[in-house]
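Below: the structure, in structure tokens.
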Amino acid sequence: MDLYEYQGKELFRRFGIPVSEGRLATTPPEARAAAEEIGGPVVVKAQVLTGGRGKAGGVKLADDPGDAEQKAEGILGLDINGHVVRKLWIESASEIAKEYYLSITFDRGAKRVLFMLTTEGGVEIEEVAATKPEALARLHVDPLEGFQPYQARRLIYGAGIADPEEQKQIAKIVEQLYRCFVETDAMLCEINPLIVTPEGEVRALDSKFTVDDNALYKHPDVEEMRDPEAYPPEERAAREKGVTYVKLDGEVGILGNGAGLVMSTLDVIALVGGRPANFCDLGGGGDAQGVVDALEVITADSQVRSILFNIFAGITRCDVVAQGILEALSQIKIEQPIVVRFDGTNAEEGRQILADAAPPNLHVEPTMLDAARRAVELAA
Amino acid sequence: MDLYEYQGKELFRRFGIPVSEGRLATTPPEARAAAEEIGGPVVVKAQVLTGGRGKAGGVKLADDPGDAEQKAEGILGLDINGHVVRKLWIESASEIAKEYYLSITFDRGAKRVLFMLTTEGGVEIEEVAATKPEALARLHVDPLEGFQPYQARRLIYGAGIADPEEQKQIAKIVEQLYRCFVETDAMLCEINPLIVTPEGEVRALDSKFTVDDNALYKHPDVEEMRDPEAYPPEERAAREKGVTYVKLDGEVGILGNGAGLVMSTLDVIALVGGRPANFCDLGGGGDAQGVVDALEVITADSQVRSILFNIFAGITRCDVVAQGILEALSQIKIEQPIVVRFDGTNAEEGRQILADAAPPNLHVEPTMLDAARRAVELAA
Amino acid sequence: MAVIVDGDTRLVVQGLTGREGRFHGLRNRDYGTSVVAGVTPGKGGQDADGVPIFDTVAEAVEETGANTTMVFVPARFAADAIYEAVDAGIGTVICIAEGLAAHEMLRIYNYIRPRGITMLGPNCPGALSPGKANVGIIPAEIFREGAVGVVSRSGTLTYQIGHELTQRGLGNSTIVGIGGDPVVGSSFIDILERFEADDETELIVLVGEIGGDEEEKAAAYIAEHVTKPVIAYIAGFTAPPGKTMGHAGAIISGSSGTAQAKKEALEARGVQVGTTPTEVADLAASTAGART
Amino acid sequence: MAVIVDGDTRLVVQGLTGREGRFHGLRNRDYGTSVVAGVTPGKGGQDADGVPIFDTVAEAVEETGANTTMVFVPARFAADAIYEAVDAGIGTVICIAEGLAAHEMLRIYNYIRPRGITMLGPNCPGALSPGKANVGIIPAEIFREGAVGVVSRSGTLTYQIGHELTQRGLGNSTIVGIGGDPVVGSSFIDILERFEADDETELIVLVGEIGGDEEEKAAAYIAEHVTKPVIAYIAGFTAPPGKTMGHAGAIISGSSGTAQAKKEALEARGVQVGTTPTEVADLAASTAGART
């Protein structure tokens, strides 16, 4: 789960990482009021779960409350990479002497926690990694060792930060960021830029924060930060029903069990000349109600012209999926043809159930490739 | 550092381990007032840093506040294994259906944390270990793994606790006791007995709690619990000066560098027919002031008839010790003869310093054995 | 020989009394796996169709000599279950449960790794050595004994490919699902190393997917250490960047971790990559044919 | 050969710029140890009498090829220093600092142990292989080369015994102080194993003290695995029960861990136990004489 800048900063603040004072606003008058409360010049920042908002005009300096209201007016409603701006973070404007970069991520490959620090902040870290790799201090941390002060020192000396006052502040921020990362079950906490003011104060000027979905149950306070409206309506509906669904741009609705098989099905559909309308994974335990819910989500997409069930059952059982299909057909009006391919656990039982009920417009195919071809034909 | 029962229970309470309501009292009227506040029958319990207070008459049931005052009168001032009772814990009396035992300790040998749980509580655990070892569930925990719920299950099933309500409460207590142990840097947390009331409620009825001296700097709240009056006055004075000193019962005052060498010196003194008056370790860095402080502590013991300096210097330097001896002789009136044996780092320089100053009543000997014999002779 | 599971496997099922645990645990037994025990706290002394249930894994190990566990408990209890198994002396952990908190699994990985524990999953279908043992949820009836070792990040996709191999007359030494979670107990490399050392395995099929760089690392490892032919498949060519595709593992961020990049990395090291499961099976069949 | 430290030791001193660290670090160098670096955060680029100082151990290792560290920082910073060294690739840690929090050291022990790190201390005098290298605070001038390996929980007591050995013409292969804190990186057994394998060592002197059961375990190990003669000494026969005698390690609780119990355990396994350092040296001399 991705957090908005202001939410990430709220977590930073709780863990003692210095951030600027700010207020949330969803309307221009709220932006004005926020600027008044904060006093002095403010920055009006679009809150969107995507990058590139600066270039898209989503961040503006405002000299006074009136100006803040005006800037808010201009930013609210902007479409930034498909994300419509509905929230603004009004923040006390900072004077910036230096821009650094600090992050902590979950390095899947190394099976370690990875810190990165560079004095080349304010730009994309991938760019720094590519063009000035020597400027980027990286350090892996064994989670069983946990945070140790030397880690901050290695980062700071590695990045070439020589000012003792900065060293002291950053060492503390590194430690608190580690705590923040672990105690919120984060996958990524990025501060870019980590600024140094002309007075030498170090502060997080932005936040990028991703929390592990599988650990949200431990953090109801973070779970509450979820903004359902940040996601496309189909995905929102799917999430409410517990279906793993990603909207794509084609005509063949796809439903399978297991992410790998579903991705492979998407690829095969493309290879035989079709376009997948979605990614939809019934998951491991797929029960009949899950099938009904998934079909409901898929058919809500008006682009869908045919539906392909590609099931290779292991923990899932084909008979249960077959029952789900029949149940869905009895509950929802489904006009698109359905192509079914069953293999694995109880495949014959599943096929038998469908054969016995013999619903119209339902086609059982013997192989994945056959089923994909048929679904593409039917969508044509 | 050992904690009193009431201090350990205070820590238990902070970590969510259920204890009975109680009040501290140092006089009989305070005991009465405490009993009044608590209401109902109370137990008046001597607070001493030693075991066996029950047999010594240090724990009494009181039916009402008047009785509590009377019982307090009888217990205050008792000498229990050399510890004079100065504090009482007045605690709401518990009905006891069962007595269990639960502890967590630092197992030096196994380099693990050790849990022990048995339903044979209320007696010394060594006795249970010796007579009914099968009744004692033990479990080692790797500190890098930390607490995991299965640990509580293994203990509970291992101890044969079958009642689900007890299982649930004890599982929680086991978890909280682990947290308490780790987060206070304890070396031992023992609950004996861990009682079950007739209503099925599980509660810690006693506490034995030892905290790592080397970690006290992290826990000022625990450090504050130290009761200087609980220690013999010589040891108290030594502690204030930062000298490691244990009072013994003989005539030869002993001062060395390094615990092993000092213990060995004690043994050698005994072997050559003398009796050591103390154990006193200058420690690793022994500076001149440390020598002065240590001599002050040793000579405060009126039993001391001669003083033996046994120094084999590594990190310590003999010249520094020699200067300390001269400084002490100039500052304190020392009537006892001093025998000095120097070897190791800067031994010659040290001997030279003493030879140059040539204080009266100071004897330099070439070997540990010679020095021990001389000191015993001089004490005779 | 086979790898991970074989005739010496003595399996304890953590969560054998649950609906899914019982269904698959008993299926594993029906296949011929020595399912010696189940563990469900509070149900010690009961049995599941004759398999004795214990309160703790330690008891199960002591009483039955179990050496392998299948973890079938809900994700929130899986970390505890894994530690319990490992501390009770179990050497091979197969975690079917999915959705463990990533930080928990990261700690487990770093805890068990230097202790020499073998682990598959979380979020894995298990391991099947046809004719010897099946531990997990792989539908064994579609596989037969043979010389192809399969290692995969995805469950059902593995069945698909294994199924197509079977249709071409190719059997398997072992089918290993390493799991789709962000951190899993074994990497492709760990399993490739075992297949390389395994007498029964003559050909290896590696089934990857978008996200991470395990396939790229495997490519480098294969070039250095694997003498047996390897055929690969990568799922997710049509996946849009920046979207999580079901598996927590299957996410592409920016340019790295795409199916195309993985395919190129593998091909650069001389590994043939099929574009569909069908093509993978065809490549395997022709490679196996060429060798015999 | 010698054990722990020898001619291949390349030493970094953590805390070389401190008063004690500098004194002993440079003494070690004067003895002939390759002291290649010092580490003090913020003093990188300086030098201590020609030994280059680095801000981090990682830099020191990279620049100088250090393989051993001597930790001479205050106790509160020692855990951090040890992790820093180990994570920078240092294989041998000698921690002179004393008084680390016991829980911290317990975690360090369990962290480094499966990683194959060798550690002496905390609260140890280090290791001296006469004629080869001295790392720590052992006064090297009183020892000479020879065939007696000494392992001890106590610093100064070790010097005493080594000194008496020297007076009897016996030299040492290595003198190893394992440290007096409740948890130390190496046990008697770890060092006995090394002495047994060490060509130069012909006789072993074990110096124990009251508290714990390391001596009892060593006795059992000696009976099983040590073919070379072992002479032992135990300090603390006159220590009263229940009192801490300086070393956090040296405490007797109840009946276990007494000097008498340890002596009996050793003698039961055929180990000669001297009652004074002098007697130990005499026993060693006669044993060595009998063998040559």
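Chains as they are written, first to last, in the working numbering: chain A, 59 to 438; chain B, 59 to 438; chain C, 1099 to 1390; chain D, 1099 to 1390. For glycine and all other residues, C-beta sits at the position ideal for the given N, C-alpha and C. Only a predicted model underlies this, so the values are computations on that prediction, with no experimental measurement involved.
Name, going along the chain, the residues of the segment 1141-1156 of chain C whose beta-carbon falls closer than 8 Å to a beta-carbon of chain B. G1142, D1153, T1154, V1155, A1156
Just to confirm the assignment, what range does the alpha helix (DSSP H) spanning V1159(D) have? 1155-1162
Look up P424(B) in the DSSP assignment and say whether it is helix, strand or coil. coil
In or out: G140(A) buried (at least 16 other Cβ within 10 Å) or exposed? exposed
Could you list which residues in chain D have their beta carbon closer than 7 Å to that of E202(A), in chain order? It is Leu, not Glu, that sits at residue 202(A) in the sequence shown. Per Cβ cutoff of 7 Å: Y1209.
At a CB distance below 7 Å, what residues from the segment 202-221 of chain A approach chain D? Give them in sequence order. L202, E203, Q206, P207, Y208, R211, R212, Y215
Do T1356(D) and K1326(D) have their C-beta atoms within less than 8 Å of each other? no
Since I148(A) and A92(A) are thought to touch, with beta carbons under 8 Å apart, how far apart are those beta carbons, to the nearest angstrom? 4 Å
Counting only C-beta atoms, is D1311(C) closer than 8 Å to chain B at any point? no
Pairwise C-alpha distance: L197(B) and V362(A): 59 Å
Short CB-CB distance (under 8 Å) between A1346(D) and chain A: Legend: pLDDT at A1346(D) = 46, less than 50; position of this residue unreliable, no value from coordinates given.
Rounded separation between A1176(D) and I1194(D) - CA only: 9 Å
How would you label A168(A), buried or exposed, when you count the other beta carbons within 10 angstroms and need 16 or more for buried? exposed
Helix or strand or just coil, what does DSSP make of T163(B)? strand
Can you pull the DSSP bridge partners for T189(A)? None; T189(A) has no bridge partner.
Determine, using beta carbons only, whether F370(A) comes closer than 8 Å to chain C. yes
Please confirm whether P1220(C) has its beta-carbon closer than 8 Å to some beta-carbon of chain B. no
Own chain partners of E94(A) with C-beta closer than 6 Å, once the 5 adjacent residues on each side are dropped: P123
Hey, out of R375(A), V232(A), I390(A), L329(A), whose CA is closest to D428(A)'s CA? L329(A)
For R1266(D), the three-state DSSP class (helix, strand or coil): coil
Assuming I1329(D) and T1385(D) form a contact by the criterion Cβ under 8 Å, report the distance between their Cβ atoms to the nearest whole angstrom. 6 Å
Using a 10 Å radius around the Cβ and a threshold of 16 neighbouring Cβ atoms, would you call E282(B) buried or exposed? exposed
Can you tell me which of Y1207(C), I1236(C), A1173(C), A1164(C) puts its alpha carbon nearest to the alpha carbon of G1189(C)? A1164(C)
Beta carbon proximity, F1335(D) to chain B, threshold 8 Å: yes
Same chain only: Cβ atoms within 6 Å of P48(B), ignoring 5 sequence neighbours per side: Absent from the structure is residue 48(B), since the part of chain B shown begins at 59 and ends at 438.
Extent of the continuous alpha helix (DSSP H) to which G124(A) belongs: 123-133
Based on DSSP bridge pairs, tell me the residues matched to E1243(D). N1270(D)
Can you name the start and end residues of the alpha helix (DSSP H) that Q209(A) belongs to? 207-217
Who are the neighbours of E1182(C) on chain F, taking C-beta pairs under 9 Å? Of the chains in the structure shown, none is chain F; the protein chains are A, B, C and D.
Contact residues within the segment 242-261 of chain A, judged by C-beta distance below 9 Å to chain C: D243, A244, M245
Just how far apart, CA to CA, sit G204(A) and T242(A)? 15 Å
Strand pairing of V1305(D), partner residues [DSSP]: S1250(D), Y1331(D)
Given 8 Å as the limit, is there contact between the segment 1230-1241 of chain D and the segment 288-296 of chain B, that is, 3 or more CB pairs closer than that? no
What residue does the beta strand (DSSP E) around L172(A) start on, and which one ends it? 170-176
Here's the rule I'm using: 16 or more other beta-carbon atoms within 10 Å means buried, otherwise exposed. How should V1249(C) be labelled? buried
State the DSSP-derived secondary structure class of V320(B), mapped to helix, strand or coil. helix
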